[in-house]
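Remember, this note's numbering sits 23 above the position in the sequence shown when you count from 1. For reference, the structure is listed below as structure tokens.
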Amino acid sequence: MSRYVLLLNFTEQGVSGINDSTSRAEAFRKAIEAVGGSVEFLSWTLGPVDGVVVFSAPDEATAVSLVLGLRKKAMVQTTMLRAFDTAEFKAIAAKVV
């Protein structure tokens, strides 16, 4: 299972529909769970980023399809980052020449 950090910024449409933001977040959580993934962290934030989600998905293609589905709704812009735990990064660092 791969882990991802998703940074969210509301679009103008997203701000207009802010009252439904928690319902949209729950729908995204259910979509992730439906494909065998999980949400580890979900929070709304203040500052240059409006929200952060840390989630796991079975593979990269599944993760990308979930995020594209979220983007298709036009409520948020996203930045998706691949995240590595300590063991994963240790194995990667060991291969650095």
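All C-beta atoms, glycine included, are put in the ideal place defined by N, C-alpha and C. As the structure is a prediction and not an experimental result, all values here were calculated from the model.
CB residue i to CB residue j, shorter than 8 Å?
i	j	result
Ile55	Ser46	no
Thr101	Leu93	yes
Thr76	Leu31	It is Val, not Thr, that sits at residue 76 in the sequence shown. Yes, the Cβ-Cβ distance between Val76 and Leu31 is below 8 Å.
Gly59	Trp67	no
Tyr27	Ala84	no
Ala50	Leu65	no
With 16 other CB atoms within 10 Å as the buried threshold, where does residue i fall?
i	result
Phe78	buried
Leu29	buried
Met98	buried
Met24	exposed
Gly70	exposed
Residue i by DSSP, collapsed to three states: which one?
i	result
Leu30	strand
Exercise for the section: Tell me the start and end of each unbroken alpha helix (DSSP H) in the segment 50 to 98 that is at least 4 residues and wholly inside, in chain order. Expected result: 83 to 95
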